[in-house]
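> Using numbering that gives the first Met the number 0, the letters of the sequence shown correspond one by one to residues 0 to 538. Glycine included, every Cβ here is placed at the ideal spot set by N, Cα and C.
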Amino acid sequence: MSLEDGEESPIRISETKSRIVGDPLLYLITCFASLGVFLFGYDQGVMSGIITGPYFKAYFNQPTSAQIGTMVAILEVGAFVTSIMAGRVGDIIGRRRTLFWGASIFVVGGAIQSFTPGYGVMVLGRIVSGAGVGLLSTIVPIYQSEISPAEHRGKLACIEFTMNVGGYAFSVWTDYFCSYIPSHYSWRIPLLMQCVIGLILSIGSLIIPESPRWLIDTDQDVAGMEVLVDLHGGDVDNEVAQMEFQEIKERVLEDRQNPERSYTIMWRKYKGRVLIACSSQAFAQLNGINVISYYAPLVFEEAGWIGRQAILMTGINAIIYILATVPTWYLVDRWGRRAILISGGTIMGIALAMTGWFMYIDQAITPDAVVVCVVVFNAFFGYSWGPIPWLYPPEIMPLPLRAKAVSLSTATNWAFNWIVGEMTPVLQEWIEWRLYPMHAFFCACSVILVYFLYPETKGVPLEEMDAVFGEESAQNASDPNSETSSLVSHNRTDRATRAPSPDPEEEPIYKAPETAKPTSLWDRILGRGGQYQAVGDDS
Numbered sequence: 000m001s002l003e004d005g006e007e008s009p010i011r012i013s014e015t016k017s018r019i020v021g022d023p024l025l026y027l028i029t030c031f032a033s034l035g036v037f038l039f040g041y042d043q044g045v046m047s048g049i050i051t052g053p054y055f056k057a058y059f060n061q062p063t064s065a066q067i068g069t070m071v072a073i074l075e076v077g078a079f080v081t082s083i084m085a086g087r088v089g090d091i092i093g094r095r096r097t098l099f100w101g102a103s104i105f106v107v108g109g110a111i112q113s114f115t116p117g118y119g120v121m122v123l124g125r126i127v128s129g130a131g132v133g134l135l136s137t138i139v140p141i142y143q144s145e146i147s148p149a150e151h152r153g154k155l156a157c158i159e160f161t162m163n164v165g166g167y168a169f170s171v172w173t174d175y176f177c178s179y180i181p182s183h184y185s186w187r188i189p190l191l192m193q194c195v196i197g198l199i200l201s202i203g204s205l206i207i208p209e210s211p212r213w214l215i216d217t218d219q220d221v222a223g224m225e226v227l228v229d230l231h232g233g234d235v236d237n238e239v240a241q242m243e244f245q246e247i248k249e250r251v252l253e254d255r256q257n258p259e260r261s262y263t264i265m266w267r268k269y270k271g272r273v274l275i276a277c278s279s280q281a282f283a284q285l286n287g288i289n290v291i292s293y294y295a296p297l298v299f300e301e302a303g304w305i306g307r308q309a310i311l312m313t314g315i316n317a318i319i320y321i322l323a324t325v326p327t328w329y330l331v332d333r334w335g336r337r338a339i340l341i342s343g344g345t346i347m348g349i350a351l352a353m354t355g356w357f358m359y360i361d362q363a364i365t366p367d368a369v370v371v372c373v374v375v376f377n378a379f380f381g382y383s384w385g386p387i388p389w390l391y392p393p394e395i396m397p398l399p400l401r402a403k404a405v406s407l408s409t410a411t412n413w414a415f416n417w418i419v420g421e422m423t424p425v426l427q428e429w430i431e432w433r434l435y436p437m438h439a440f441f442c443a444c445s446v447i448l449v450y451f452l453y454p455e456t457k458g459v460p461l462e463e464m465d466a467v468f469g470e471e472s473a474q475n476a477s478d479p480n481s482e483t484s485s486l487v488s489h490n491r492t493d494r495a496t497r498a499p500s501p502d503p504e505e506e507p508i509y510k511a512p513e514t515a516k517p518t519s520l521w522d523r524i525l526g527r528g529g530q531y532q533a534v535g536d537d538s
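(1) Am I right that I288 and F380 are in contact with their C-beta atoms under 8 Å? What's the rounded C-beta distance?
(2) Within the present structure, is the beta-carbon of L311 separated from the nearest heavy atom of the ligand NAP by less than 8 Å?
(3) Near S136, what residues of its chain come up, given a Cβ to Cβ distance below 6 Å and the 5 sequence neighbours on each side ignored?
(4) May I have a chain-ordered list of the alpha helix (DSSP H) segments no shorter than 4 residues that lie completely inside the stretch 367 to 416?
(5) Please list, in chain order, all residues of the same chain as R18 whose beta carbon is under 6 Å from its beta carbon, the five residues on each side excluded.
(6) Are the stretch 325 to 338 and the stretch 157 to 176 touching by the rule of at least three beta carbon pairs closer than 8 Å?
(7) How many Å lie between N286 and R255 at the Cα?
(8) From L214, T423, M347, pick the residue whose C-alpha is nearest to that of R94; which is it?
(9) So, helix, strand or coil for G21, using DSSP?
(10) Tell me where the alpha helix (DSSP H) around E238 begins and ends.
(11) Straight-line CA distance for R337 to M437?
(12) Take G203 as the anchor and find which of G89, S33, A402 has the nearest alpha-carbon.
(13) Kindly indicate the opening and closing residues of the alpha helix (DSSP H) around K154.
(14) Please report the residue range of the alpha helix (DSSP H) in which Q284 lies.
(15) Which residue comes first and which comes last in the alpha helix (DSSP H) that contains E431?
(16) With a 10 Å radius around its C-beta and 16 neighbouring C-beta atoms as the bar for buried, classify V221 as buried or exposed.
(17) For M121 and V228, I'd like the C-alpha separation in whole angstroms.
(18) Within a Cβ cutoff of 6 Å, which residues of the same chain sit near F223, ignoring the five residues on either side of it in sequence?
(19) Starting from the Cα of G112, find the closest Cα among W334, M192, R260, Y54 and give me that residue.
(20) For the stretch 382 to 390 and the stretch 52 to 66, state whether three or more C-beta atom pairs, one from each stretch, are separated by less than 8 Å.
(21) With a CB to CB cut of under 8 Å and the five nearest residues on each side skipped, what residues in its chain are close to N237?
(22) With 9 Å as the threshold, decide whether the Cβ of W304 is near any Cβ in chain E.
(23) So does the stretch 163 to 172 actually touch the stretch 78 to 90, counting three or more Cβ pairs closer than 8 Å?
(24) Using C-beta distances below 8 Å, list every residue in its chain close to F357, excluding the 5 sequence neighbours before and after it, in chain order.
(25) Could you spell out where the alpha helix (DSSP H) holding I138 opens and where it closes?
(26) Taking contact to mean at least 3 C-beta pairs separated by less than 8 Å, is the stretch 127 to 143 in contact with the stretch 94 to 108?
(27) Using three-state DSSP, classify S488 as helix, strand or coil.
(28) Leaving aside the five residues before and after E428 along the sequence, list all residues of the same chain whose C-beta is less than 7 Å from its C-beta, in chain order.
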């Protein structure tokens, strides 16, 4: 069963109920939903500053490196468990309700941490907060990808990551200013701030609309059409909104011909995509970011910056980290995902190798040089391996299995997040400066993996992603009236209004690049030359 080209959509609504429509609504949704990853970023950074504070150390009886590692990294255990469940939860109760419960659980965990009487309760609070973060970190990328138009999906996902970095920076500066408080409040107040942010997200999740794709997938067609109309400016006769509804509904009906949605089917049919999604999240951690995010003050202390100076350096680094994420808003849908990952991973590896070198020679220049290297590393991570691994998994998977695949990739992130977070303080003592070249090696591995295996996905509508992975024929790709043809043009408005050609012999307006070949190394990096790559006419 399908909706033929040119057929009237069976769903019509008389008027829009929303006061905010179009781009303002889209950006409002992005800001509220991104509070979920803001919380994730805040929780990443908040412990980095308080674990070096004298009142924190005294309260927990001078904790060992292993105890510090547990307090920091145990959050990932809770996040790992719920991230596996989050896909199923999101499919059952919807994306919006999953956001609400994730934020609510996070508030409870933050309260337990803030009023902890000792080490054991602190660990419990971190696990509970992790459970909330696991739900949020899985469902936010899914929700964001499902409400974003193809031409802006990369930008909006990168704005989402900027909020994550903003949460990290906010936590570091909160730690810094609270470090002047001469009591246990110097670390309790930063932990309590989690509850305030989580409460705002809980309220916001009751206001924002549900994902139109989830609504249509659960046969709530009228509600789904209303959201699509609002996202496209509020015009109930908007042809692009009607066309998008038809595409989504047609894909839903097609997927129902094989109703099985198990992990086994996902692995059997989409093994390559699952491996790409999981490997991107694994290397996001193995590339070394949490050595800096969780333990930046310890890194700076190791380099020669002591006490509050180390937290101050971390705060300055965090501001630069935020600024570095902004260029990707504009580059991700122009350069594409591959070029950003490859260039970012290369510079990150060089910066980590230089960090290890300067710590090894231990000269007067070492403290300043390490600060520069760490800032460069963080900046290029924020530009590349920070946002893209959260964008890639939800956009490459089909709707029926999207939540499960993102759950699996997010669980991979949290598993490696925990390993890196738990081992870093121990490895800093055992292998010292060698820790940083080790992560530089992983950066090199990630660059090689992207170059040879990751396809380009910029500008590709979610319902047409199969063609990127060679699952639609070249004949369909050359048909100007087929979905696949837009992989060449990626112009949704033009495709929504284009009439079929009356002359079957007439040369198509858009042709599949069947004979296109990479002409340069830069073309290979950009993903150009592949038969199913999403490359614009001007490429």
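With the structure as the only source:
(1) 5 Å
(2) Absence of the ligand NAP is noted for the structure shown, with no ligands found whatsoever.
(3) F39, T409
(4) 387 to 395
(5) none
(6) yes
(7) 39 Å
(8) L214
(9) helix
(10) 238 to 254
(11) 23 Å
(12) S33
(13) 152 to 177
(14) 262 to 285
(15) Run containing E431: none; DSSP gives neither H nor E here.
(16) exposed
(17) 46 Å
(18) Note that residue 223 corresponds to Gly in the displayed sequence, not to Phe. Once the five neighbours on either side are set aside, the close Cβ partners of G223 are P211, L214, I215.
(19) Looking at the sequence shown, residue 112 is not Gly but Gln. The shortest Cα separation from Q112 among W334, M192, R260, Y54 belongs to M192.
(20) no
(21) V228, H231
(22) Looking at the structure shown, chain E is missing, and only one protein chain is on hand.
(23) no
(24) A302, I364, T365, A368, V369, C372
(25) 118 to 146
(26) yes
(27) The pLDDT assigned to S488 is 36, lower than 50, so where the model puts this residue is not dependable; a value taken from the coordinates is nonetheless given after this. The answer is helix: DSSP assigns S488 an H, G or I state.
(28) S64
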